[in-house]
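Each residue of the sequence shown is one higher than the one before, counting from 207 in this note's numbering. Single-structure report; data block below.
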Amino acid sequence: MKVKGIKWYPGNQISRRQLSEKFILCVSLCAENKKNQCLQNVPCENHIWMIGEQGRFSQQLVYGRQIRDYCQQSRILTGTVNIGYFSELLAFLDAAYQGYSDENTYRNSGTQNKHNGNVCLRYSELEQLFIIRYIRRIDDFDFVSLCKFIRQQESYMIASYLIGNYINSDIGNVTNLSKRYGLSYSNFRKKTQLYFGDTAKNRMQAWRLTKTMLDIVETKESLTHIAMNNGFSSQSHLNQVILSSFGMTPSSLRKINGKL
Numbered sequence: 207m208k209v210k211g212i213k214w215y216p217g218n219q220i221s222r223r224q225l226s227e228k229f230i231l232c233v234s235l236c237a238e239n240k241k242n243q244c245l246q247n248v249p250c251e252n253h254i255w256m257i258g259e260q261g262r263f264s265q266q267l268v269y270g271r272q273i274r275d276y277c278q279q280s281r282i283l284t285g286t287v288n289i290g291y292f293s294e295l296l297a298f299l300d301a302a303y304q305g306y307s308d309e310n311t312y313r314n315s316g317t318q319n320k321h322n323g324n325v326c327l328r329y330s331e332l333e334q335l336f337i338i339r340y341i342r343r344i345d346d347f348d349f350v351s352l353c354k355f356i357r358q359q360e361s362y363m364i365a366s367y368l369i370g371n372y373i374n375s376d377i378g379n380v381t382n383l384s385k386r387y388g389l390s391y392s393n394f395r396k397k398t399q400l401y402f403g404d405t406a407k408n409r410m411q412a413w414r415l416t417k418t419m420l421d422i423v424e425t426k427e428s429l430t431h432i433a434m435n436n437g438f439s440s441q442s443h444l445n446q447v448i449l450s451s452f453g454m455t456p457s458s459l460r461k462i463n464g465k466l
């Protein structure tokens, strides 16, 4: 799988050639100029999420932040992130909260935003900010609009479909998955590669492995029960997958976790 990251470009505009036909999220950072005024057409409020369009094929998110560099010189960087990464993340968050109605679902967990004084220069930071915003969603119309926008994209629909089918002993049969979704095998494969930077089979196997690991270390269920619940054909199949991925058996992982 491709490493998720922000691609930075100088200036506050990106050409259609750079955008290609991918849906993207744009991240714009602006430094104050010597007159302490924001450069024209660059949003400077903290943590604003604006949905706009640039070119025929793109739909973008602008994450604005006003910053000051040590020389107090004007600087603008525009970054792009594949919207499929956030579609996958949002689909998991929606599944965890069992529904995504934004009305009457504003939450206050008391979590503090660790990025209040920092700019998200790495994708991992932007991802954390997205999760925090989702959990703390209190009268945050901009973020709610952003989530609604993402849910309308094909990348979100495919992510939700795959998440709903990843616990399945037929996980490797992408042909059946694509047929049920209504696309040809080649088209479905191209779309998952475009949106998520990986094949459908690899993404689903990674999700299943992650959930299985959590079940092993956080529950006292039998390994056979865990194997069946997560779509493995048998406990032996589960043992083989865990051993090849982590170099130890599920029983060994449980023992190590019990000693921590």
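Glycine residues also receive a C-beta, built at the ideal position from the N, C-alpha and C atoms. Only a predicted model underlies this, so the values are computations on that prediction, with no experimental measurement involved.
Q) Should M434 be counted as a contact of the ligand ZN given a C-beta to heavy atom distance under 6 Å? A) As presented, the structure is devoid of all ligands, the ligand ZN included, so that no description of it is given.
Q | Contacting residues, own chain, Cβ-Cβ under 8 Å from I356 (five flanking each side not counted) | A | Closer than 8 Å at Cβ, skipping near neighbours: I289, F292, S293, L296, Y362.
Q: Could you name the residues of the same chain whose beta carbon sits closer than 8 Å to that of L459, not counting the 5 residues immediately before and after it, in chain order?
A: Excluding sequence neighbours, L459 sits near M419, I422, V423, I448, F452.
Q: Answer yes or no: do Y329 and K210 have a C-beta to C-beta separation smaller than 7 Å?
A: Yes, Cβ-Cβ distance for Y329 and K210 is below 7 Å.
Q.
If distances are taken between C-alpha atoms only, which option among K354, K397, K417, K396 comes closest to A302?
A. Checked all of K354, K397, K417, K396; the closest Cα to A302 is K417.
Q: Please report how far the alpha carbon of Y372 lies from the alpha carbon of I462, in whole angstroms.
A: Rounded to the nearest angstrom, the gap between the Cα atoms of Y372 and I462 is 28 Å.
Q.
Which residue marks the beginning of the alpha helix (DSSP H) containing Q399, and which one marks its end?
A. Q399: member of the alpha helix (DSSP H) spanning 391-402, first to last residue.
Q) What whole-angstrom Cβ distance do T398 and I364 have, given they're in contact under 8 Å? A) With a Cβ gap of about 6 Å, T398 and I364 count as contacting.
(Q) Rounded to whole angstroms, what is the Cα-Cα separation between Y401 and R342? (A) Approximately 27 Å, taken between the alpha carbons.
Q. Taking Cβ positions, are A433 and L444 nearer each other than 7 Å?
A. Going by C-beta atoms, A433 is nearer than 7 Å to L444.
Q: Using three-state DSSP, classify G464 as helix, strand or coil.
A: Three-state DSSP puts G464 in a helix.
Q: Express the C-alpha separation of S439 and H431 in angstroms, rounding to a whole number.
A: Roughly 11 Å between the two C-alpha positions.
Q) So what's T455 in DSSP terms, helix, strand or just coil? A) Looking at T455 - three-state DSSP - the assignment turns out to be coil, as it is neither helix nor strand.
Q: Going by CA-CA distance only, name the one from S428, Q358, F298 that's closest to Y340.
A: Between Y340 and the set S428, Q358, F298, the nearest pair of CA atoms involves F298.
Q. In three-state DSSP terms, what is Q278?
A. Reliability fails at Q278, whose pLDDT of 45 lies under 50, so the model's placement of it is uncertain and the value that follows must be treated cautiously. In the structure shown, Q278 sits in coil (DSSP, three-state: anything other than H, G, I, E or B).
Q.
Between the alpha carbons of Q359 and Y387, how many angstroms are there, rounded?
A. Spanning the two alpha carbons is a distance of roughly 15 Å.
Q.
Out of F394, S442, E333, G437, which one is the CA nearest neighbour of A412?
A. Out of F394, S442, E333, G437, G437 has the C-alpha closest to the C-alpha of A412.
Q. Taking the continuous alpha helix (DSSP H) assigned at Q359, which residues delimit it?
A. Per DSSP, Q359 is not a residue of any alpha helix (DSSP H), being assigned neither H nor E.
Q. Start and end of the alpha helix (DSSP H) containing E427?
A. For E427, no alpha helix (DSSP H) segment is defined, and its DSSP state is neither H nor E.
Q.
Looking at Q446: is its Cβ nearer than 7 Å to the Cβ of L429?
A. No, these two residues do not count as a Cβ contact at 7 Å.
Q. How far does the alpha helix (DSSP H) with R339 in it reach, from first residue to last?
A. Start and end: 329-341.
**Q.** Buried or exposed (CB count within 10 angstroms, at least 16 for buried), M454
**A.** By the 16-neighbour rule on beta-carbons within 10 angstroms, M454 is exposed.
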